[in-house]
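Residue numbers (this note's numbering): 7 to 181. A virtual CB, placed ideally from N, CA and C, is assigned to each residue, including glycine. The structure appears right after this line, and notes come after that.
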């Protein structure tokens, strides 16, 4: 039996020089050997674990309520107390987390503020800030020349002479 396989045509197998009976046996064999994909690669498995749980019937859920109503008052009170305690613990934990988050946000804002101040100071010290230089010069000029309370040298001497005359008299001038 001669079998030729043409790889360019895909999965077609050609039997040449064989009897019809051999060709039929070979076709049947290859069709039966065709492999199924493994169970892991299937989309749906018939495994019991993949089946959805069924909802409890109405009579079952009602039985749970009746069971709680039938329990003694002490147990019910204990259960309710524990539920309230758990709720309070969760609220306290939530408040603690909120305070922590607020403190973190305040720290971030403070760090940001300090960083901006440091950058401004660095710019001024490096001479990169022209606005800062202008403001410093303007403040210096304003303080030196525009102060109305500042006296001239001559005015100060005149006031000093006047003080000496009033205090010591006219003859005490030794100049």
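* Asked: Can you give the Cα-Cα distance for residue 129 and residue 112, rounded to whole angstroms?
  -> The sequence position of residue 129 within the chain shown is 123, counting from 1. The sequence position of residue 112 within the chain shown is 106, counting from 1. Their backbone Cα atoms lie some 26 Å apart in a straight line.
* In angstroms with no decimal places, state the Cα-to-Cα distance between residue 94 and residue 83. => The sequence position of residue 94 within the chain shown is 88, counting from 1. The sequence position of residue 83 within the chain shown is 77, counting from 1. Approximately 16 Å, taken between the alpha carbons.
* **residue 60 (DSSP reduced to helix, strand or coil)** => Along the chain shown, one-based indexing puts residue 60 at 54. Looking at residue 60 - three-state DSSP - the assignment turns out to be coil, as it is neither helix nor strand.
* Rounded to a whole number of angstroms, what is the C-alpha to C-alpha distance between residue 107 and residue 78? -> The residue given as residue 107 occupies position 101 in the chain shown. The residue given as residue 78 occupies position 72 in the chain shown. Those two C-alpha atoms are separated by around 44 Å.
* Cα separation between residue 158 and residue 122? -> Within the chain shown, the letter at position 152 stands for residue 158. Within the chain shown, the letter at position 116 stands for residue 122. About 42 Å.
* To do: Tell me whether residue 93 sits in a helix, a strand or coil according to DSSP, three-state version.
  => Taking the chain shown and counting its residues from 1, the one referred to as residue 93 is at position 87. Of the three classes helix, strand and coil, the one that applies to residue 93 here is helix, per DSSP.
* Let me know the secondary structure DSSP gives residue 128 once reduced to three states. => As a working mapping, residue 128 is identified with position 122 in the chain shown. Looking at residue 128 - three-state DSSP - the assignment turns out to be helix.
* Asked: Roughly how many angstroms lie between the CA atoms of residue 125 and residue 168, to the nearest whole one?
  -> Counted from its first residue, the chain shown places residue 125 at position 119. Counted from its first residue, the chain shown places residue 168 at position 162. Going by the C-alpha atoms only, they are around 54 Å apart.
* Let me know the secondary structure DSSP gives residue 77 once reduced to three states. => Walking along the chain shown from the start, residue 77 turns up at place 71. The answer is coil: DSSP assigns residue 77 none of H, G, I, E or B.
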